[in-house]
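Taking the UniProt record's numbering, the leading residue of the sequence shown gets 1, the next gets one more, and so forth.
Just so it is clear, CB atoms sit at the ideal spot from N, CA and C, and this is done for glycine as well.
Written out below as structure tokens is the structure these notes cover.
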Amino acid sequence: MPDLSRYADYVVHPRYGRGPRFTPDSWKGVLGFGGARRLVDRPKAVPGTYVKADLGRQTPSVMQEAGYFDQDCRCKDCGRGFLWFAEEQRHWFEDLQFDLGTECLHCVECRQAIQREKELAERYARKAADLDRAGSPDDLLAGAAAGVRLIERGKFGPKANQRVRAALNRLSAEPDFAAAADRLRARLDALQASPGTE
Ligand SMILES: [Zn+2]
């Protein structure tokens, strides 16, 4: 039985869990295929977790993957250990058609946080024009809320701060939106009172 204590504080994947997913498949038989290079070159591969690939479903590449192993990784953002699961790789490369050179740099939690930030930034960008012009109060609030969140995450500087504050001031003149504007303004005030806390 392999020692699993190494994975005790690894990030839990909502679908695949925390530790390696051992499979009954032997991977020795696949060496010699086109995928052999990457299989043997990957120092992070966890032995015994081989999942066979469907070569026909991967994006064409000089070096295809004959199969996948759970990969023992460290998150670039939070620094915690995590496994990039063989099944996950199969999903990325065969269902989502990711390039086979793609590496997984972030744990699932940080990937989700990055995704949320990206969505916020897109949302803010879509509403940004309304922050300066006379957009509808709904749009103004949506843009300002996304802006506040991004400022909190340290993604926006002082200029965005001014812009968002101007939008909040305009919202304060709308009876139905004044309370929401106050709450967002309070969050900005709290940031200014204690800069750098996150
Ligand atoms: Zn992370």
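Nearest-angstrom Cα separation, counted from residue j out to residue i
i: GLY17; j: GLY154; result: 31 Å
i: LEU150; j: ASP9; result: 29 Å
i: THR23; j: THR49; result: 5 Å
i: ALA179; j: ARG80; result: 39 Å
i: VAL148; j: PRO20; result: 39 Å
i: ARG183; j: PHE177; result: 10 Å
i: GLU152; j: PHE82; result: 26 Å
i: LEU131; j: ALA181; result: 13 Å
i: LEU140; j: LEU120; result: 14 Å
i: ARG74; j: VAL12; result: 13 Å
i: PRO158; j: THR59; result: 43 Å
i: VAL164; j: ARG6; result: 46 Å
i: ASP70; j: ARG116; result: 26 Å
Best match in the options for proximity to residue i [C-alpha to C-alpha]
i: LEU4; options: GLY135, ASP72 and PRO14; result: ASP72
i: ALA145; options: LYS127, ARG133 and ASP132; result: LYS127
i: residue 222; options: ARG123, LEU171 and PRO175; result: No answer is possible for residue 222: the residues shown for the chain start at 1 and end at 198.
i: SER61; options: LEU100, GLN89 and LYS52; result: LEU100
i: ARG15; options: ASP54, LEU55, VAL51 and TRP84; result: TRP84
i: SER168; options: GLY157, ARG133 and ALA193; result: The question names Ser, but residue 168 in the sequence shown is Leu. If we check each option's Cα against that of LEU168, ARG133 comes out closest.
i: GLU122; options: GLU94, ALA142, SER136 and CYS75; result: ALA142
i: HIS91; options: ALA160, CYS78, GLN115 and GLU65; result: GLU65
i: PRO2; options: ARG74, VAL46 and ARG163; result: VAL46
i: LYS76; options: ARG187, GLU109 and VAL51; result: GLU109
i: LYS44; options: LEU140, LYS159, ASP54 and LEU105; result: LEU105
i: PRO175; options: ILE114, ALA166, PRO137 and LYS159; result: PRO137
Start-to-end residues for the beta strand (DSSP E) that takes in residue i
i: ALA71; result: Ala is not the amino acid found at residue 71; the sequence shown has Gln there. Looking at the DSSP string, the run of the beta strand (DSSP E) that includes GLN71 is 71-74.
i: LEU83; result: 81-84
Simplified DSSP state of residue i, which is helix, strand or coil
i: VAL108; result: helix
i: TYR68; result: strand
i: VAL164; result: helix
i: LYS52; result: strand
i: ASP182; result: helix
i: ALA113; result: helix
i: ALA8; result: coil
i: ALA45; result: strand
Any chain C beta carbon closer than 8 Å to residue i
i: ARG165; result: Absent here is chain C; the protein component of the structure consists of one chain.
The alpha helix (DSSP H) enclosing residue i, as first and last residue numbers
i: residue 202; result: Here the chain covers residues 1 to 198 and nothing more, so residue 202 does not appear.
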